[in-house]
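**Student:**
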Amino acid sequence: MRMSELTDFLNGRGYRKLALTRSVVGHFHTQGTLNGRSVEILVDTGAACTCVALSLVRALGISCERVDDAAAGAGGAFEQFRVDGADLRLGSFTPRINSLAGFDFEHIN
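Per this note's numbering, the sequence shown starts with residue -2, numbered consecutively.
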């Protein structure tokens, strides 16, 4: 398969090409917006859901509700918040996400 065929195949299934940068520790990042505010996005292909900093959710006045189940990751266990009504975009592209979860990342930032 030639690269142009692969590009056509992926575009036809909703995938989009995004500019990525790499952090000093090797993580991939891209730029986006959350409810119109510019944000840096860490691309984590192993994440179970799309996560956003709870401090940003609250600063933007986005509705959120605490979920009884705690979540765990490399930073330990976290209280989890369901985030409703957020508009996440990567340029003009709106990614398909199953759920958006808010977490307090202050202790690992």
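We put the beta carbon where it would ideally sit given N, CA and C, even for glycine. As the structure is a prediction and not an experimental result, all values here were calculated from the model.
Any idea what DSSP makes of V22, helix, strand or coil?
**Tutor:** Within the sequence shown, residue 22 is the residue found at index 25, counting from 1. Of the three classes helix, strand and coil, the one that applies to V22 here is coil, per DSSP.
**Student:** From the DSSP output, which residues share a beta bridge with L3?
**Tutor:** In the sequence shown, counting from the first residue as 1, residue 3 sits at position 6. L3 is not bridged to any residue.
**Student:** Taking the runs of the beta strand (DSSP E) that are 3 residues or longer, which of them lie wholly in the segment 36 to 101?
**Tutor:** The segment 36 to 101 contains these whole beta strand (DSSP E) runs: 47 to 50, 60 to 70, 73 to 81 and 97 to 100.
**Student:** Just the Cα atoms here: how many angstroms apart are D5 and A50?
**Tutor:** As a first step, residue 5 must be located in the sequence shown, where it is residue number 8. As a first step, residue 50 must be located in the sequence shown, where it is residue number 53. Spanning the two alpha carbons is a distance of roughly 35 Å.
**Student:** Just to confirm my understanding: we take G82, look at its own chain, exclude 5 residues before and 5 after, and list those with CB closer than 8 Å. What are they?
**Tutor:** Translated into the one-based positions of the sequence shown, residue 82 becomes position 85. If we look at G82 and ignore the five residues flanking it on each side, its Cβ neighbours are I59 and S60.
**Student:** Would you check if the distance between the CB atom of S20 and the CB atom of G29 is smaller than 9 Å?
**Tutor:** Position 23 of the sequence shown holds residue 20. Position 32 of the sequence shown holds residue 29. Not in contact: S20 and G29 (Cβ atoms no closer than 9 Å).
**Student:** Shortest alpha-carbon distance to C46 belongs to which of P92, R10 and E103?
**Tutor:** The count along the sequence shown starts at 1 and reaches residue 46 at position 49. That would be P92, whose Cα lies nearest to the Cα of C46.
**Student:** Hey, A98 and R86: beta-carbon distance below 9 Å or not?
**Tutor:** If you number the sequence shown from 1, residue 98 lands on position 101. If you number the sequence shown from 1, residue 86 lands on position 89. Not closer than 9 Å, so no.
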